[in-house]
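Undergrad:
Numbering (the numbering used here), first residue to last: 36 to 401.
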């Protein structure tokens, strides 16, 4: 069954590395304040096991592990397998519901997993013994939808979405040997259409004309090499961000774009995105709910304080009115309770990394 890939930027995700030996210490657990999701890459015979920890149908925690050599019911039922399962639900709320998903390469496992029913039984049994209920186990097969157009890359996020993770290297990722190799380097030469598209978008978010021009030369080079591919969309891509290029329905991607603009000190795109968010809120019927969904984005700061952190200061409030203008425009729609807690939240709403909390999919929008 076709499933849309996860097209989010790695800047807001944690990476679950590959290790040659399976160990419970390899499990990556996060809550919504750590990142928007987890991804892993470089898989052929390896598989990934992901878990959504839910309360009242809301995802509270995520867990993912890259399992070397595949998965069977016997490995999960072993002492090591039990430790891995226990590590994946560590710090989960008591009595939480668990949804699990196993991702694997469709090329290496063309007929799926041979003992999926037994895997379900083992997971259900061990989670029950730990005080949790397994409500669903999904299997996902895919291949090649990443920036290498090869291998299998997989991710899960707090929107409850799972699938192939697009914006990373595929088979070139070497996991624990050098985890940074999973990330595409800004200066590297694109080898295919997918890498070129990713780097072009990155360059325009940063406002980097020099890099954009270099990539235009790469476009002509790749078009000659991959003559069977259609490059028309990339040739028509504008350096200036258009309104339709701003995904207002996806706050996670909006934050990725803001962080990339800030990374390149591109105040024009930064203000363009924030202004578009404020205008969207103004057009919503339920403005209070819309403000709640977008507030953390509007309160992100462009300039660092003297402490080298992005904390609000008197200077940013008075001398740089453009920084907070979109927020002041819609702050009146914020509830009284939210205003009362605003000062307390201001020290944690942003960070130098991309690991601060993300809003969920907007509710109450047109």
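In this text, a Cβ means the ideal position worked out from N, Cα and C, and glycines have one as well.
Exposed or buried, which one is residue 316 when buried takes at least 16 other CB atoms within 10 Å?
TA: Taking the chain shown and counting its residues from 1, one reaches residue 316 at position 281. Buried, by the Cβ-count rule.
Undergrad: With DSSP as the reference, label residue 202 as helix, strand or coil.
TA: As a first step, residue 202 is located in the chain shown; it is residue number 167 there, counting from the start. Looking at residue 202 - three-state DSSP - the assignment turns out to be coil, as it is neither helix nor strand.
Undergrad: Which stretch, first to last residue, makes up the alpha helix (DSSP H) that contains residue 47?
TA: For the purposes of this step, residue 47 is taken as the residue at position 12 of the chain shown. From DSSP, residue 47 is part of no alpha helix (DSSP H); its letter is neither H nor E.
Undergrad: Taking all protein chains shown into account, decide if residue 220 is buried (16 or more other Cβ within 10 angstroms of its Cβ) or exposed.
TA: Against the chain shown, residue 220 aligns to sequence position 185. Exposed is the call here.
Undergrad: What is the rounded straight-line gap between the Cα of residue 260 and the Cα of residue 246?
TA: To locate residue 260, count along the chain shown from 1; it is residue 225. To locate residue 246, count along the chain shown from 1; it is residue 211. Rounded to the nearest angstrom, the two C-alpha atoms are 21 Å apart.
Undergrad: Give me the Cβ distance between residue 104 and residue 191, rounded to the nearest whole Å; I'm assuming they're in contact under 8 Å.
TA: Translated into positions along the chain shown, residue 104 becomes position 69. Translated into positions along the chain shown, residue 191 becomes position 156. That belief does not hold up - the Cβ atoms of residue 104 and residue 191 are roughly 21 Å apart, past 8 Å.
Undergrad: State the beta-bridge partners of residue 87 as determined by DSSP.
TA: Locating residue 87 in the chain shown gives position 52, counting from the first residue. Answer is 97, 134, bridged to residue 87.
Undergrad: What is the DSSP secondary structure of residue 272, reduced to helix, strand or coil?
TA: Along the chain shown, read from residue 1 onward, the residue named residue 272 stands at position 237. Coil at residue 272, not helix or strand.
Undergrad: Since residue 75 is in the alpha helix (DSSP H), which residue starts that stretch and which ends it?
TA: Taking the chain shown and counting its residues from 1, the one referred to as residue 75 is at position 40. No alpha helix (DSSP H) holds residue 75; the beta strand (DSSP E) holding it covers 72-78.
Undergrad: Below 8 Å, how does it come out for the stretch 90-107 and the stretch 310-325: are there three or more Cβ pairs, yes or no?
TA: Short answer: they don't touch.
Undergrad: When you compare the stretch 90-99 with the stretch 119-128, are there three or more beta-carbon pairs, one atom per stretch, that lie closer than 8 Å?
TA: yes
Undergrad: For residue 179, which residues of its own chain have a beta-carbon under 6 Å away from its beta-carbon, when the five flanking residues on both sides are left out?
TA: On the chain shown, residue 179 is found 144 positions in, with the first residue counted as 1. So the list reads 185, once near-sequence residues are dropped.
Undergrad: Compare the Cα-Cα distances from residue 290 to each of 86, 333, 54 and report the closest residue.
TA: Against the chain shown, residue 290 aligns to sequence position 255. Residue 333 is the option with its Cα nearest to residue 290.
Undergrad: Which two residues bound the contiguous alpha helix (DSSP H) that contains residue 306?
TA: For the purposes of this step, residue 306 is taken as the residue at position 271 of the chain shown. It spans 302-318 - the alpha helix (DSSP H) in which residue 306 sits, taken as one unbroken run.
Undergrad: When burial is assigned at 16 or more other CB atoms within 10 Å of the CB, is residue 267 buried or exposed?
TA: Walking along the chain shown from the start, residue 267 turns up at place 232. So residue 267 ends up on the exposed side.
Undergrad: Which residue or residues does DSSP assign as beta-bridge partners of residue 256?
TA: Position 221 of the chain shown, counted from the first residue, corresponds to residue 256. Answer is none; residue 256 lacks a bridge partner.
Undergrad: Check whether the Cβ atoms of residue 301 and residue 241 lie closer than 7 Å to each other.
TA: Walking along the chain shown from the start, residue 301 turns up at place 266. Walking along the chain shown from the start, residue 241 turns up at place 206. Yes; because the gap between Cβ atoms is below 7 Å, this pair is in contact.
Undergrad: Give me the residue from 84, 138, 93, 161 with the minimum Cα distance to residue 114.
TA: As a working note, residue 114 is residue 79 in the chain shown. That would be 161, whose Cα lies nearest to the Cα of residue 114.
Undergrad: Give the straight-line distance between the Cα atoms of residue 112 and residue 59, rounded to the nearest whole angstrom.
TA: Taking the chain shown and counting its residues from 1, one reaches residue 112 at position 77. Taking the chain shown and counting its residues from 1, one reaches residue 59 at position 24. Rounded to whole angstroms, residue 112 to residue 59 spans 14 Å at the Cα level.
Undergrad: Between the C-alpha atoms of residue 362 and residue 370, what's the straight-line distance to the nearest angstrom?
TA: Translated into the one-based positions of the chain shown, residue 362 becomes position 327. Translated into the one-based positions of the chain shown, residue 370 becomes position 335. Approximately 14 Å between the Cα atoms of the pair.
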